Amino acid sequence: MRLWETLTLALAVLTADQLSKWAAEAFLAPGESVSVAGDLLRITLVHNPGAAFGLLPKHTTLFLALATAVAVALGWVLVGRRQWLTSRAGLALLWAGTVGNLIDRYRWGHVVDFLQVPHWPVFNIADSALVVGALLIAWSLVRRNR
115 MRLWETLTLA LAVLTADQLS KWAAEAFLAP GESVSVAGDL LRITLVHNPG
165 AAFGLLPKHT TLFLALATAV AVALGWVLVG RRQWLTSRAG LALLWAGTVG
215 NLIDRYRWGH VVDFLQVPHW PVFNIADSAL VVGALLIAWS LVRRNR
């Protein structure tokens with residue numbers, strides 16, 4: 115994956131994340147929920163002041179500092195090093211997810227979550243990018259160490 119493709123992926127995911135959060139904020143009140151696919155998928159607006167799953171809700175400054183450091187480090191690694199396709203795509207997704215949630219924290223002091231599936235906390239596109247990015251990187255490391 116070439117650098118411009120990697121950056122395009124990262125910016126596309128970041129844009130989708132921010133536009134989807136804008137739409138959720140524009141059309142729903144906090145706590146309001148709309149069914150999209152029955153009980154399989156609901157759009158439910160939640161403001162998450164904490165980390166994943168709402169942990170440590172009163173530590174916004176800590177999360178801002180950590181996420182800023184992670185975003186800068188990921189950007190440096192992403193642009194400055196060569197990786198396999200899966201790890202470069204994984205890094206792009208990690209960067210987009212980190213920056214997407216970081217923008218929310220700087221802008222509002224909380225992360226905007228809105229995707230709800232059964233038996234799982236409400237999340238957003240940035241959260242999904244973080245998980246998929248981490249899985250891609252783990253998979254590339256496992257493949258490399260065989």
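Anchor point for the sequence shown: position 35 equals 149 in my numbering, and the numbering is continuous, going up by one each time.
Think of the CB as a built atom: it goes at the ideal place given N, C-alpha and C, for glycine as much as any other residue.
Bear in mind the structure is a predicted one, so any value in this text is a computation, not a measurement.
- Separation of Val127 and Leu180 (C-alpha to C-alpha, rounded to the nearest whole angstrom) is 21 Å.
- With three or more CB-CB distances shorter than 8 Å, the stretch 212–221 counts as touching the stretch 181–192.
- The residues Arg156 and Ile157, in chain order, have a CB closer than 8 Å to that of Val150 in the same chain once the five nearest residues on each side in sequence are set aside.
- Around the Cβ of Thr122, a 10 Å sphere holds fewer than 16 other Cβ atoms; the residue is exposed.
- Cβ contact annotation for Gly204 (same chain, cutoff 6 Å, sequence separation greater than five): Gly247, Leu250 and Ile251, in chain order.
- The Cβ atoms of Leu255 and Leu208 do not sit closer than 8 Å to each other.
- The alpha-carbon of Val231 is positioned some 26 Å away from that of Leu125.
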